[in-house]
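Data first, discussion second: the structure below is written as structure tokens.
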Amino acid sequence: MKCNTKGLYILILISGLYLYGQNNSIPTIAVLNLENQDLSIGEAAVMTEILRDELLKTQAYKIVEKQRLNEVMAEIGFQQMGFTSEGVLRLGKILNVDKIFLGTLGEIQKVRFLTVRIVDVETGEVIASATEKGFTVQHAELAVTRVVYKLQGLPPPGGISPPWLKEISSERTKYLIGFTGWNAGNILDFHAKSAFKNGPAGSGIPIWEGTAPEIESKASFPNFGLRLGYQRESLGADFEISLLSHRTPAQMVFADIKGHQYIPEIDNYYAVSVDELDFPDNFLRVYSLGFGGNFYFHSSFGTVRPYAGFGVSLLMNMVKSDYPGPGNFGIGIEGENLNSTSLGWEFHIPIGLQVNISSTKFLYFEFRIAQNLFDYISGDVFQEEEDKFTLQTFQFLIGFGRIFK
Amino acid sequence: MATNKILTMVILVSLHPVFSQSTSSNTTSTDTLTRQKAFSLIIKNTLINQAYLSTYFFMAGNSFQGRALSLGKSPTEATIQWVSASVVGLGLSYFTTKTLSQEYEDILSSGDRNEISNEPRYYQYIYTGGSIANITDFKAESMTAGSDGNPLWIATTPKVKTSLSFPSLGYGFGVSGKRLVREFETSLVSHYTVEQDVSYDAIPIPIGTIALPDRFFLINSLTMGVNVNYWLPEIGVKPYIGLGGRMLINSIQSQYPGPGDLTQSKGDLELDSITLNWGFHASVGVRSTLSNKRFLYAEFRPLRHYFDYESGKATGKEKDQFTFEIFEFRLGMGFYYN
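Here it is, written out as structure tokens:
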């Protein structure tokens, strides 16, 4: 028991000596007020206090009391000397400290910077420095903590992406794009049927019906449009107004029209069957004014931002012709010229690039596959018909964008 | 039909003083009024005024138009009489609302001065505009049943051409927040059918045609509804997109009994129908600020109004329904209260 007690005393003594030695090896430091650049003096003073507090928490330093520091600084006229290396070294020696912490808190183009460096009083060398930037007032304490960790060579809390960087990247950017472009496309799945459904074929069945799998068409003029929207870290959405116009060139169209034609003069029907249509030039002229939205994913590679997504638009469709309608033309019926306005839909898949040319301007390039759905009434009097088709276009768009901050 | 009209008017006239009293008593206490509460009071008063004045004059306009047609005056002259009465009603309703807005400002000036925020902004607006419109999916069915219990006949026509009697007019008031705008709107929309041959598909009769004379139908609607708009990013002007729904008081008048009977009446109004229905729309527009108190706006609006009424006489009585598809372009001006 006695032996054990003696052993315990020795252990305590050794531990005490070790701890004493440890305590003695803790360097004494002075933390100077952060130099203020374009920010308020109060803000710099508060940040200095936070820095002192964070350094104390590490238990790696003994800090000279602020009042003593101020007295010595006043005594040697430190303010007049400024933050020169001579002044810092003299101050350090008078205070009898090992290291001096000094730094700057400033702002450049609304971005905050905090830089802290450690000067060895013995050698006059800067032995460590660390910087944080882009933090907000709400994250001031964390910014100081991160600086202190970096000065000690430790990984800072929050890793390489502190919360303020996430907030910046998730901020919405507003933009406006004006675009134009050319497109190639065709009319697909043309379907026409008589609006009258009580003929020889039976009740509820159109008296004639016709289809054409494909009708060649060309852009009448370049598409135009405006896009206005928001962009976040990896998602974007915008509102779009666009105008697209196509016309059919002269062509032979394969069609399949079958049924009956009503002859009012004799109040009777006769059978019709057409398998080819000889469309004159500009037989159909179609216009789509679209109001819709785009949703896309994007990522950033330097100044280039590729994206892909999808879009939907509500269309005000106009279809014009010097003939009453495609079905009427097919079975040789004359009537009032077609001039129809109707609602339709557009679905498209945009794939593109935005190339920044300055902080507020960018160029816009897009390839877009679009399907405009048309559904309207054509024909005249006894020969009114319901037409439907899809205008499928492959659009190459180029535009200019402006970012609003 | 006329009984319904009178009944509606009597109910509205009776309700007006009741509501007015109940709301005006609230406005006397200004101690705890906030901007929002004050505006709620204004909305209540305005709604009552709009419902009362607009409806009253709309109906009066219909009576004038009907009387003019009965007296053998031209449909154009009859329409002018309708327009005059309806515009007077709309104008009175608008100016009453404007007076109420002055009351609102007075309430605010005596209310809580701690409310320094300018959001949301309350405003009033007026607009006019043109439109392209067509009757689509017209369906008429006989109200007389056949031996099998089904209507004696059913006729449909896909499209009937119409033209604008006069530019659409309207006014409303709204609350504009950071993201959303909510508006209550009253408007007048008036069209007529142009001279045309309309063919129809009928059961059991086969295809037929009607040569409709000019202004066969005079179609007027008083609409009251709600718009909800979403602000898009501001770019000097404030663009928005929106949706809306509305209750319609639809009036159809004609010198003819109905599409199924083209016997023109020389000394009487043969079709005079007022029915309630509904409609909806999408909208896209921009608002431009003129000053702290005023703004201009331009809007494109595709609308669908539904009609459902009875026409014809005796065994020729029929039930008609159609959709009125309208593409409206409007220009308006707004006035902020705060």
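Protein chains in written order, with my numbering: chain A, 1 to 405; chain B, 1 to 338. Yeah, the Cβ is synthetic: ideal placement off N, Cα and C, and Gly gets one too.
For residue i, which residues in the same chain have their Cβ closer than 7 Å to its Cβ, ignoring the five residues on either side in sequence?
| i | result |
| --- | --- |
| A202 (chain B) | W153, I154, A155, G208 |
| L56 (chain A) | I63 |
| S24 (chain B) | Bear in mind that a pLDDT of 41 at S24 (chain B), under 50, signals an unreliable position, so the number given afterwards is only what the model happens to contain. Cβ within range, chain order: n/a, list empty. |
For residue i, report the span of its beta strand (DSSP E) as first-last.
| i | result |
| --- | --- |
| N294 (chain A) | 285-298 |
| E336 (chain A) | Careful: E336 (chain A) lies outside any beta strand (DSSP E) and carries neither H nor E. |
| N36 (chain A) | 35-37 |
| M252 (chain A) | 251-263 |
| V226 (chain B) | 218-231 |
| Y52 (chain B) | Note, Y52 (chain B): premise wrong, no beta strand (DSSP E); not H, not E. |
| S358 (chain A) | Here S358 (chain A) belongs to no beta strand (DSSP E), and DSSP marks it neither H nor E. |
| E312 (chain A) | Sequence check: residue 312 (chain A) is Val here, not Glu. It spans 304-320 - the beta strand (DSSP E) in which V312 (chain A) sits, taken as one unbroken run. |
| G225 (chain A) | 223-231 |
| G124 (chain A) | Here G124 (chain A) belongs to no beta strand (DSSP E), and DSSP marks it neither H nor E. |
How would you write the range of the alpha helix (DSSP H) that residue i sits in, first residue to last?
| i | result |
| --- | --- |
| V46 (chain A) | 41-57 |
| V144 (chain A) | 140-151 |
| R179 (chain B) | Neither: R179 (chain B) is in no alpha helix (DSSP H) and is coded neither H nor E. |
| P326 (chain A) | 326-330 |
| M59 (chain B) | 55-70 |
| L69 (chain A) | 66-76 |
| G91 (chain A) | For the record, residue 91 (chain A) in the displayed sequence is Leu; it is not Gly. Per DSSP, L91 (chain A) belongs to the alpha helix (DSSP H) from 85-95. |
Within 10 angstroms of its Cβ, does residue i collect 16 or more other Cβ (buried), or is it exposed?
| i | result |
| --- | --- |
| I108 (chain A) | exposed |
| I26 (chain A) | exposed |
| F329 (chain A) | buried |
| N227 (chain B) | buried |
| M47 (chain A) | buried |
| K238 (chain B) | buried |
| M252 (chain A) | exposed |
| W31 (chain A) | Here residue 31 (chain A) turns out to be Val, not Trp, going by the sequence shown. Result: buried. |
| E276 (chain A) | exposed |
| Q80 (chain A) | exposed |
| A195 (chain A) | buried |
| N198 (chain A) | buried |
| E384 (chain A) | buried |
| S147 (chain B) | exposed |
| F404 (chain A) | exposed |
| N114 (chain B) | In this predicted model, N114 (chain B) has a pLDDT of only 48, less than 50, meaning its place in the structure is not dependable; the value taken from the coordinates is given anyway. With fewer than 16 Cβ atoms within 10 Å of its Cβ, N114 (chain B) is classed as exposed. |
Tell me which same chain residues have a C-beta within less than 8 Å of the C-beta of residue i, skipping the five on either side of it?
| i | result |
| --- | --- |
| S29 (chain B) | Confidence at S29 (chain B) is low in this model, with a pLDDT of 44, below 50, so its placement is unreliable and no value can be given for it. |
| T58 (chain A) | V148, Q152 |
| Y336 (chain B) | R121, Y122, Y123, N292, K293, R294, F295 |
| T79 (chain B) | Q65, S165, F166, S190, Y192, R215, L218 |
| T390 (chain A) | I187, L188, D189, Q371, N372, L373, F374 |
Could you name the residues of the same chain whose beta carbon sits closer than 6 Å to that of residue i, not counting the 5 residues immediately before and after it, in chain order?
| i | result |
| --- | --- |
| T223 (chain B) | S187, R246, L248 |
| F329 (chain B) | G129, G130, F300 |
| S288 (chain A) | L244, L315, N317, N372 |
| T27 (chain B) | Annotation note: pLDDT 41 at T27 (chain B) (below 50); position unreliable, coordinate value reported separately. Excluding sequence neighbours, T27 (chain B) sits near L41. |
| T393 (chain A) | N183, G185, A370 |
| R285 (chain A) | R247, K320 |
| Q50 (chain B) | S93, T186 |
| Y127 (chain B) | G170, R330, G332 |
| I207 (chain A) | S194, F196, G199, G259, H260 |
| K313 (chain B) | P257 |
| I127 (chain A) | I118, D120 |
Does at least one heavy atom of the ligand NAD sit under 7 Å from the Cβ of residue i?
| i | result |
| --- | --- |
| T393 (chain A) | The model depicted lacks the ligand NAD and carries no ligand whatsoever. |
Smallest Cα separation from residue i: which of the options?
| i | options | result |
| --- | --- | --- |
| G332 (chain A) | A:S299, A:W182, A:Q261, A:F367 | A:Q261 |
| Q152 (chain A) | A:E65, A:E276, A:N186, A:A60 | A:A60 |
| I205 (chain A) | A:T58, A:L397, A:I215, A:E386 | A:E386 |
| P350 (chain A) | A:F367, A:S358, A:S342 | A:F367 |
| G334 (chain B) | B:W278, B:G170, B:P213, B:A51 | B:G170 |
| N294 (chain A) | A:V97, A:K320, A:A308 | A:A308 |
| G432 (chain A) | B:R67, B:T157, B:I48, B:T99 | This structure gives no information on residue 432 (chain A), because the portion of chain A shown stretches from 1 to 405. |
| A211 (chain B) | B:K317, B:R182, B:D197, B:I219 | B:D197 |
| N36 (chain A) | A:Y269, A:R68, A:V116, A:A219 | A:V116 |
| E234 (chain B) | A:L51, A:E43, A:R402, A:N339 | A:R402 |
| I406 (chain A) | A:N198, A:R68, A:L176, A:N339 | In the structure as shown, chain A starts at 1 and stops at 405, and residue 406 (chain A) therefore has no counterpart that could be examined. |
| W345 (chain A) | A:D189, A:S313, A:L284 | A:S313 |
| E233 (chain A) | A:A250, A:K197, A:G178, A:S300 | A:S300 |
| A282 (chain B) | B:N250, B:G225, B:F95, B:G332 | B:G225 |
| G236 (chain B) | B:I205, B:D320, B:R287, B:H305 | B:R287 |
| N337 (chain A) | A:R90, A:F347, A:L343, A:P324 | A:P324 |
- Message: Three Cβ pairs or more, each shorter than 8 Å: is that satisfied between the segment 143-158 of chain A and the segment 186-204 of chain A?
- Response: No: fewer than three Cβ pairs fall under 8 Å.
- Using 8 Å as the Cβ pair cut-off and three pairs as the minimum, do the segment 205-217 of chain A and the segment 254-269 of chain A touch? Of all C-beta pairs linking the segment 205-217 of chain A to the segment 254-269 of chain A, three or more are shorter than 8 Å, placing the two stretches in contact.
- Any chance the segment 82-101 of chain A sits against the segment 110-124 of chain A, with 3 or more Cβ pairs inside 8 Å? These segments touch.
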